[in-house]
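Before any comments, here is the structure.
Numbering (my numbering), first residue to last: 2 to 768.
What follows is the structure in structure tokens.
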């Protein structure tokens, strides 16, 4: 009967659809399933180089390029092909136009002029040395000289092969670190840290022999001491010893002081005809006519560079700044968070909020002042809500943000500080601040350690506070505050189930379930129950609980330091029928037994995304089947230790927050749409006949029936959605690719009550 009703509905819609037109969508803002995105910070600069007009900077979030003429930047990350998100060195070989990027593990990336990444793994595959870090590069005559933690490796740029390695210099022990290196006056110069400066003639038959190397420190006026930086420009070699930069020209008979002042230098490097060094907030540029210029970026410069007369300063927290001659400083870092730390995250309606790093350990604050990073992909892009732009006041709640909760009904996001209170935001704008002066929050030791936030079905905001005599607070929509002390506890998180019970994570002591019986104003009917590892009292695998969420079947999923466990029926929590938690079994073992679970989110198909210290797992609805396991090795995850998850149910985008930044993955399941006929669409649309990815049909109700037909009514494929969208691989029922043409996509729920139709254009390949 339901099938006949569905068919009749489709026939009625077909006539209208034939005369319809494709919905105008902002397709450039929508991503296909399986696509990764990065939400990284480029405000901590490690090193800088340039190729032609473009400047390249490696950061704590990967790398970006910047064109000073167009003022445009482009970010690079593991999604583009970088081996890691935290490089250690960057260098531009001007002859070949190749950018070289080095990493801690000895890997080297190449970036050609077409912005395609290559990989040099000779060093990283070596098992001769325990530390393989790349410290710096220089090049000459088609050879790349690589300073590493065990010596120098020489690489042929054109042939793309390693020539030889130098691991012993004079009578030093083998495998000594090379901090920096330079080529000048026919010699290769290397700084061996506390061992001093050494050189070898490039005309030597074999500079891999230790005897080819001569110690330069302590000779010709160059004092002994640690050598952190070596550079060369116009046949002159520059060496940093203690607070002094010495120089030796090609015709000089001894080392002399360079024009640089005496400072505890943080960085020194050079191009062919300029030398630059920085300390504190100052970046210096030495030209070969002896002119010394400097700029002040009012921050902490940890790297610098120069292109012509323009000085570039890489700051520790303010990003890349540049100083055109005679002009004020300009900023070049792409917009984004001020740092890459993530303690908590919240997402919804195309928006992402991040609580960076307000919490340290059990109850300590971090004194993080980087604000609240906010991203809206529909309009506005990045914004950081902070005291710097006046959106937050240093007299109120403005630092140490550690908790985040997005309320889909109101569109508001609640951000909790581990020191001062709560910030309420909507569409990236501050709506309300709650602190000691204007709320019922109770401080302890002068601090409001907000450890949990959630809004219940009646619009009441529930707040937990750690190290507090009153661990639970509630704010009604009418502005009334209530506080609760059901038992002595230190709550670090809260989840409200469909029966209005508050499941509270009790620091290292299991869980406390609390009910106000729908009367927050009347404490006489309050109830609470402790859940621990004890038999008959919860049966948790471990009392250290870190995550809790309710799934679409009303089951309570608990993440502990020893894997996952489930309370299958929270409706009987206050009765004798309540049962201990049970772990889901996968391949004969409890799900994630032995692993710490940091966070759990549930998608529209009731599948679980689970953050651990070993990456992110996706399991089916009952946890008995592993669907996906993302790690650093098989995905763009910046770190296997994933601290927080957030899921935008409207887009299917799952955000993974780590201490090294945030990335996201576009999942195939989104929340079902109640306005099916108005919002149904396919993406991408139009699509080429040879499109290698999946077409997503979006904005339907869960478990909808989807029929794809030709305009003549021939059914090509029938599908059933899991959540609010369904993937189509552009094949028919028999697995054959469909030909070019216009296809009708007709969707209805099984009872035929909600229906919709849209069109998809499959176009020919270009000639």
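We treat Cβ as the ideally placed atom computed from N, Cα and C, and that holds for glycine.
Check	Outcome
Exposure of residue 143, with buried meaning 16 or more beta-carbon neighbours within 10 Å	exposed
Helix, strand or coil at residue 28 [DSSP, three-state]	Confidence at residue 28 is low in this model, with a pLDDT of 30, below 50, so its placement is unreliable and no value can be given for it.
Beta-carbon proximity list for residue 511, same chain, < 8 Å, skipping 5 on both sides	531, 532, 533, 534, 539, 541, 544 and 546
Residue 302 (DSSP reduced to helix, strand or coil)	strand
Nearest-angstrom Cβ-Cβ length linking residue 696 and residue 688, presumed shorter than 8 Å	6 Å
Neighbour-count burial assignment, residue 1, 16 or more Cβ in a 10 Å radius	Residue 1 lies beyond the stretch modelled for the chain, which goes from 2 to 768, so this question has no answer here.
Neighbour-count burial assignment, residue 255, 16 or more Cβ in a 10 Å radius	exposed
Residue 201 - DSSP class collapsed to helix/strand/coil	strand
CB of residue 247 within 8 Å of CB of residue 259, strictly	yes
Sufficient close CB pairs (3 or more, under 8 Å) joining the segment 294-306 to the segment 338-351	no
Which of helix, strand or coil DSSP assigns to residue 740	coil
Pick from 594, 595 and 630 that is closest to residue 609, judged by C-alpha positions	630
Contact check, residue 178 vs residue 217, beta carbons under 8 Å	no
Range of the contiguous beta strand (DSSP E) that encloses residue 558	557-561
At least 3 beta-carbon pairs within less than 8 Å: the segment 402-419 vs the segment 441-452	yes
Beta-carbon gap between residue 243 and residue 226 smaller than 8 Å	yes
For residue 460 and residue 651, believed in contact at Cβ under 8 Å, the rounded distance	No, residue 651 and residue 460 are not in contact; Cβ-Cβ is about 20 Å, not under 8 Å.
Three-pair Cβ contact test at 8 Å for the segment 61-68 versus the segment 613-620	no
Close beta carbons around residue 392, own chain, < 7 Å, minus the five adjacent residues each side	386 and 431
Length-filtered (4 minimum) alpha helix (DSSP H) runs lying within the segment 676-764	677-680
At least three beta-carbon pairs within less than 8 Å, the segment 551-570 to the segment 596-603	yes
Identity of the residue in 481, 495, 456 and 479 nearest residue 467 by Cα	495
Segment contact, 8 Å Cβ cut-off, at least three pairs: the segment 651-669 with the segment 510-528	no
Buried or exposed (CB count within 10 angstroms, at least 16 for buried), residue 503	buried
Sequence-distant residues of its chain with Cβ nearer than 6 Å to residue 483 (five each side left out)	475 and 521
Residue 430 - partner residues in DSSP beta bridges	427
Boundaries (first-last residue) of the beta strand (DSSP E) holding residue 483	482-485
Rounded C-alpha distance that separates residue 493 from residue 375	23 Å
Top-ranked residue by Cα proximity to residue 257, from 275, 278 and 238	238
Cβ shell of residue 645 (< 6 Å), same chain only, five flanking positions each side left out	343, 345, 346, 600 and 658
Cβ neighbour criterion (16 or more within 10 Å) applied to residue 661	buried
One or two residues paired with residue 609 in a DSSP bridge	603 and 620
Residue range of the beta strand (DSSP E) that includes residue 383	382-386
C-alpha gap between residue 35 and residue 767, whole angstroms	25 Å
Residue 405, DSSP secondary structure in three states	strand
The segment 117-124 / the segment 167-178 touching (three or more Cβ pairs under 8 Å)	no
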